[in-house]
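A quick write-up on the structure given underneath.
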Amino acid sequence: MNNFAEELTYWYFRLNGFFLLQNYVLHNIGQGEQRGTADCDLLAIRFPYVYEKVGGQNKDWDKEKFSTWGFDIDRDNLALIIEVKSGRELKKNKIEKSFSPERVKTALYRFGIFSHKDVHRIHENLLKQKYVKESSWTIAKVLVTEKAKEIEGNWLNLSLDEIDKFIHKRIKSYLHDKYADRMYFPSILIQYIAWKDKNRILNDC
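Numbering-wise, the numbering used here puts 97 at position 97 of the sequence shown, and it's gapless, one number per residue.
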């Protein structure tokens, strides 16, 4: 992970039952005057029947947020192209570059869900829309920023505040298990949140 915002975003989607690929390298893409190598912050896939005894039950998902996007996570297969922008000065043209035609097409090929012939059609539709539905799949572009709906466009919006609230809520729901097993998490940030929430509750007693 390159920064805290990307790491928080990763854990938001992971705790919502997604499989994720971080910092997917896009080799030799061409974007106007900029040519060379870039990356996609996160690619994420989720199937509807996710289950874990601890932290993976029906009540644990952020269904309210996904429903505002028009997703039914109990039925839909989801494939998300996620960009995280936590800087202060955000410009719409830079966001659009992050979801450029070449980047979106490369991500669709990497998912491996659709044939090359179908990717062309889905790609054309996804460039004009926030998400497309194809067969049992919903494919979407998601922009994560510090504030809610900071920059709107042909993508879905998610804020770091929403992510932070969800992660704290999830850890508190299973605090005994999450705190006891905190060192198994491959993230210093999540270990710290589990420790902090545990101590905050003890201090409030």
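Note that CB positions come from ideal geometry on N, CA and C, so glycine has one too.
These figures come from a predicted structure and were not determined experimentally.
Residue i to residue j span [Cα, whole Å]
i, j, result
"T145", "K105", "23 Å"
"G17", "V50", "6 Å"
"N125", "R200", "47 Å"
"R46", "L158", "17 Å"
"E64", "N77", "17 Å"
"R110", "D41", "14 Å"
"F19", "A44", "6 Å"
"K130", "I193", "32 Å"
"E152", "K172", "32 Å"
"G55", "W11", "12 Å"
"L160", "L8", "8 Å"
"E134", "I122", "8 Å"
Counted within 10 angstroms of its Cβ, other Cβ atoms place residue i as buried (16 or more) or exposed
i, result
"F166", "buried"
"H116", "exposed"
"K85", "buried"
"T68", "exposed"
"S98", "buried"
"W195", "exposed"
"E6", "buried"
"A148", "exposed"
"K169", "exposed"
"K128", "exposed"
"F4", "exposed"
"R103", "buried"
Beta bridge counterpart(s) of residue i as assigned by DSSP
i, result
"Y24", "C40"
"F19", "I45"
Terminal residues of the beta strand (DSSP E) in which residue i lies
i, result
"E83", "N77 to K85"
Continuous alpha helix (DSSP H) stretch holding residue i: start and end
i, result
"Y12", "F4 to R14"
"E52", "Looking at the DSSP string, E52 is not in any alpha helix (DSSP H), and its letter there is neither H nor E."
"S187", "First-last for S187: undefined, no H or E at that position."
"K65", "K63 to T68"
Starting from the N-terminal side, write out each stretch of the alpha helix (DSSP H) that is 4 residues or longer and does not extend beyond the segment 99-172. Entirely contained in the segment 99-172, the alpha helix (DSSP H) runs reaching 4 residues are, in chain order, 101-111 and 116-128.
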